[in-house]
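Engineer:
Number of protein chains: 2
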Amino acid sequence: MRYDVAIIGTGPAGISAALNLKLHNKSIIWFGSSDLSMKVEKSEKIANYPGVPMVGGQSLNDIFKRQIEDAGLEITDKMVTSITTTRQGFMILGDNDIYEADQILLATGTIAAKSLPGEQELLGKGVSYCATCDGFLYKQKSIAVLCSAKRYEHEVKYLAELAKKVYLYAAYSDCEINLPNVELLGSSIREIKGQERVEHITTLSGEEYPVDGVFILRTAVAPTSLMNNLEVDGNHIAVNRKMETNIPGCYAAGDCTGRPYQIAKAVGEGNIAAHSIVEDK
Amino acid sequence: MRYDVAIIGTGPAGISAALNLKLHNKSIIWFGSSDLSMKVEKSEKIANYPGVPMVGGQSLNDIFKRQIEDAGLEITDKMVTSITTTRQGFMILGDNDIYEADQILLATGTIAAKSLPGEQELLGKGVSYCATCDGFLYKQKSIAVLCSAKRYEHEVKYLAELAKKVYLYAAYSDCEINLPNVELLGSSIREIKGQERVEHITTLSGEEYPVDGVFILRTAVAPTSLMNNLEVDGNHIAVNRKMETNIPGCYAAGDCTGRPYQIAKAVGEGNIAAHSIVEDK
């Protein structure tokens with residue numbers, strides 16, 4: 113299906129943009145977690161967001177959820193794994209489904225704009241973002257899995273049913289996976305190595321594991337992995353004051369554009385991006 | 113007295129900056145109306161500010177007021193009429209009092225960054241922003257007064273006691289001044305003219321009035337009138353993504369930096385400016 117605008121990310125920047133684009137009667141496909149930003153959710157007290165005095169992150173997310181629902185906005189809880197530019201706009205792969213949009217807003221959060229060393233080079237050559245898409249390729253093989261959130265544990269379990277051996281790094285505290293063929297890594301993946309295809313990974317603590325594939329189950333894929341020619345400024349997406357990136361029709365807002373990592377800044381940038389999107393069409 | 117930071121403006125941008133600077137233990141002098149932004153106050157419904165669903169402007173300002181009070185912030189309800197750079201920072205004239213600050217944030221709202229034609233050229237040569245400062249100079253003379261808000265009506269009355277004739281333009285709807293020597297103008301001042309000193313004004317509807325002085329009683333003075341070398345971009349203060357202006361130590365945020373004129377954008381920029389201010393010292 114074709115939409116006016118695709119928004120990637122359901123944190124404050126995405127929410128701010130979505131509310132505004134909806135008011136401007138744009139058709140929107142909005143990708144991200146319907147649990148909204150985990151960074152907001154885990155904030156104990158937010159003391160500097162004007163209009164909502166001294167609020168806990170969970171309460172603020174609850175207000176956001178109500179606001180989203182009242183505005184008639186819907187979240188498509190799929191992970192975007194690839195965005196390509198087309199003649200008319202953008203083609204987006206969300207889990208296994210294809211979506212099209214004229215304009216796109218990246219609001220992917222604090223995830224580094226850059227991917228792991230080797231990630232982009234070996235994408236499709238052993239590196240995958242989607243267990244259900246590519247898991248079957250690794251029957252009885254060895255794989256590494258970087259799991260960024262508890263909500264992807266079912267994908268890890270699915271992979272463990274297929275693979276002979278799974279080296280798992282869980283980037284959250286309460287990992288409950290306890291399976292005979294799953295070995296928990298003590299530190300995250302530093303690099304993915306291989307010539308033609310993935311051959312092994314190294315971890316931040318310096319260990320090396322031979323693997324046939326690497327599954328990166330992140331709440332969001334690094335923007336430069338999503339889009340090929342996206343210009344970055346250090347670890348962030350480069351934007352101007354209109355929140356335009358170097359790719360025409362592609363905007364960015366929120367933590368992914370740089371510091372300060374603040375709700376107010378994200379909300380402001382989402383608003384500006386939405387207005388630029390409306391103006392530019 | 114000397115402060116770390118002076119903030120000019122009590123709208124959403126100023127509020128956002130003040131909350132953040134306070135959290136960073138900066139000493140703040142905060143100029144503006146303690147009624148906060150009239151633009152917010154007069155908004156019937158705000159549907160696109162994340163975190164505060166469908167709120168009336170008055171209610172939002174009430175929340176802001178509570179938040180300001182809870183944060184222990186104080187507003188100095190004086191009009192800033194001049195800012196000069198000093199070796200250590202800035203010297204600010206608020207009504208008739210002098211304040212000093214190391215850094216400064218301009219959050220002056222939608223008022224055009226540029227002043228009226230003739231305003232800057234004739235400032236101090238018949239043009240004044242302060243009735244109590246300069247009114248005595250116009251005893252038994254003719255003056256024009258541009259009054260932007262009801263709260264300045266007492267200043268108009270004071271001027272009417274001194275002057276022989278007052279040509280008044282009230283830029284609000286419920287002007288209650290009814291004095292024998294005050295003539296209400298049907299349209300605002302277009303230009304202030306004169307060679308060495310103010311000689312006459314023209315109005316938007318094309319009339320000309322001979323006057324000895326012009327009092328401009330605005331909730332805020334055009335930023336370029338406040339500061340001499342401030343770089344503008346059209347009608348707005350020119351800033352970069354860090355909200356820095358061309359003058360070192362001087363930042364701007366909110367409507368005064370350009371469109372979209374939105375609470376979310378103002379709040380975001382105030383937040384960024386505060387973080388830049390903290391980083392730069």
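Protein chains in written order, with my numbering: chain A, 113 to 393; chain B, 113 to 393.
Positions of the beta carbon are idealized from the N, C-alpha and C atoms, including for glycine.
Computed from a predicted structure; not experimentally measured.
Between which two residues does the beta strand (DSSP E) harbouring P322(A) extend?
Structural biologist: Looking at the DSSP string, the run of the beta strand (DSSP E) that includes P322(A) is E320 to P322.
Engineer: Would you kindly report the start and end of the unbroken beta strand (DSSP E) that includes K377(A)?
Structural biologist: Element bounds for K377(A): not the beta strand (DSSP E) but the alpha helix (DSSP H), I375 to D392.
Engineer: Give me the DSSP bridge partner(s) of Y188(A).
Structural biologist: It should be pointed out that residue 188(A) corresponds to Thr in this sequence rather than to Tyr. Paired residues: F143(A).
Engineer: To the nearest whole angstrom, what separates the beta carbons of A125(B) and G366(B), a pair I think is in contact under 8 Å?
Structural biologist: Right, the Cβ-Cβ distance comes to about 3 Å (below 8 Å), so this counts as a contact.
Engineer: For N293(B), which option in S149(B), V379(B), A275(B) and D345(B) has the closest C-alpha, if you only look at C-alpha atoms?
Structural biologist: Selected option, being the one with the closest Cα: A275(B).
Engineer: Taking Y161(B) as the query, report the chain A residues whose CB atoms sit under 7 Å from its CB, ordered along the chain.
Structural biologist: Chain A residues near Y161(B): G163.
Engineer: DSSP state of S240(A), grouped into three classes?
Structural biologist: Note: S240(A) maps to strand in three-state DSSP.
Engineer: Excluding the five sequence neighbours on either side, which residues of its own chain have a C-beta within less than 6 Å of the C-beta of Q252(A), listed in chain order?
Structural biologist: Cβ neighbours of Q252(A) beyond the five flanking positions: K276.
Engineer: In the DSSP assignment, the beta strand (DSSP E) including G325(B) goes from what residue to what residue?
Structural biologist: G325(B) -> beta strand (DSSP E) spans G325 to L329.
Engineer: I want to verify the contact list: residues of chain A whose CB lies under 7 Å from the CB of N132(B), in sequence order.
Structural biologist: In chain order: N160.
Engineer: Determine, for F176(B), whether the minimum Cβ-Cβ distance to residues of chain A falls below 8 Å.
Structural biologist: Closer than 8 Å to some Cβ of chain A, the Cβ of F176(B) qualifies, so yes.
Engineer: For Q179(A), decide whether its Cβ has a neighbour in chain B, counting only Cβ atoms nearer than 8 Å.
Structural biologist: Chain B, which has a Cβ nearer than 8 Å to the Cβ of Q179(A), makes this yes.
Engineer: Quick one: is H312(B) near chain A, going by C-beta distance under 8 Å?
Structural biologist: So no, H312(B) is outside the interface.
Engineer: Taking only runs that begin and end inside the region 114 to 160 of chain A, name each unbroken beta strand (DSSP E) of 3 or more residues, in chain order.
Structural biologist: Correct list: 114 to 120 and 140 to 143.
Engineer: Answer with buried or exposed for F135(B), where buried requires no fewer than 16 other C-beta atoms within 10 angstroms of its C-beta.
Structural biologist: Correcting the residue identity first, residue 135(B) is Leu in this sequence and not Phe. When all chains shown are included, L135(B) counts as exposed.
Engineer: What would DSSP say about D246(B), mapped onto helix, strand or coil?
Structural biologist: Correct three-state label for D246(B): helix.
Engineer: Give every residue of the same chain whose Cβ lies closer than 6 Å to the Cβ of A283(B), excluding the five residues on either side of it in the sequence, and list them in chain order.
Structural biologist: If we look at A283(B) and ignore the five residues flanking it on each side, its Cβ neighbours are S260.
Engineer: Determine the DSSP secondary structure at Y270(B), reduced to helix, strand or coil.
Structural biologist: If DSSP states are grouped into helix, strand and coil, Y270(B) belongs with the helices.
Engineer: Do you know offhand how far I389(A)'s Cα is from P335(B)'s?
Structural biologist: Approximately 29 Å between the Cα atoms of the pair.
Engineer: Are there 16 or more other CB atoms within 10 angstroms of the CB of G318(B), so buried, or fewer, so exposed?
Structural biologist: Under this definition G318(B) is an exposed residue.
Engineer: Check C362(B) in the structure and name its three-state DSSP category.
Structural biologist: Looking at C362(B) - three-state DSSP - the assignment turns out to be strand.
Engineer: Name the residue from K269(B), Q170(B), M150(B) and Q179(B) whose alpha carbon lies nearest to the alpha carbon of G163(A).
Structural biologist: Of the listed residues, the one whose Cα sits closest to G163(A) is Q179(B).
Engineer: Roughly how many whole angstroms lie between the Cα atoms of L234(A) and I328(A)?
Structural biologist: Looking at the two C-alpha atoms, the distance is approximately 12 Å.
Engineer: Using Cβ-Cβ distances below 9 Å, what residues of the region 366 to 389 of chain A are close to chain B?
Structural biologist: Under the 9 Å Cβ criterion, the region 366 to 389 of chain A contributes T369, G370, R371, P372, Q374, I375, A376, K377, A378, V379, G380, E381, G382, N383, I384, A386, H387 and S388.
Engineer: Going by the DSSP bridge assignment, what does E295(A) pair with across the sheet?
Structural biologist: For E295(A), which the question treats as bridged, DSSP gives the partners Y279(A).
Engineer: If you draw a straight line from the alpha carbon of L316(A) to that of K138(A), how long is it in whole angstroms?
Structural biologist: Cα to Cα, L316(A) sits roughly 44 Å from K138(A).
Engineer: If contacts are defined as beta-carbon pairs under 8 Å, then S146(B) and G169(B) qualify, I think. What distance do you get, rounded to the angstrom?
Structural biologist: At roughly 16 Å, the Cβ-Cβ gap does not stay under 8 Å, so S146(B) and G169(B) are not in contact.
Engineer: Would P372(B) be called buried (16 or more neighbouring beta carbons within 10 Å of its own) or exposed?
Structural biologist: So P372(B) counts as buried.
Engineer: Determine, for P124(A), whether the minimum Cβ-Cβ distance to residues of chain B falls below 8 Å.
Structural biologist: So yes, P124(A) belongs to the interface.
Engineer: Of the residues Y115(B), S171(B), D116(B) and G121(B), which one's Cα is nearest the Cα of C368(B)?
Structural biologist: C368(B) has its Cα closest to that of G121(B), out of Y115(B), S171(B), D116(B) and G121(B).
Engineer: If you measure between the beta carbons of N341(A) and K377(B), is that distance less than 8 Å?
Structural biologist: Not in contact: N341(A) and K377(B) (Cβ atoms no closer than 8 Å).
Engineer: So which of K393(A), I141(A), L148(A) and L133(A) has the shortest CA-CA distance to R263(A)?
Structural biologist: Ranking K393(A), I141(A), L148(A) and L133(A) by Cα distance to R263(A) puts L148(A) first.
Engineer: Taking any Cβ of chain B, which residues in the region 334 to 359 of chain A have a Cβ under 7 Å from it, in chain order?
Structural biologist: Listed by position along the chain: R353.
Engineer: Can you give the Cα-Cα distance for R353(A) and N352(B), rounded to whole angstroms?
Structural biologist: Roughly 7 Å between the two C-alpha positions.
Engineer: Consider the Cβ of D182(B): report whether some Cβ of chain A lies at a distance smaller than 8 Å.
Structural biologist: Chain A, which has a Cβ nearer than 8 Å to the Cβ of D182(B), makes this yes.
Engineer: With H, G and I counted as helix, E and B as strand and the rest as coil, what does DSSP make of R353(A)?
Structural biologist: Looking at R353(A) - three-state DSSP - the assignment turns out to be coil, as it is neither helix nor strand.
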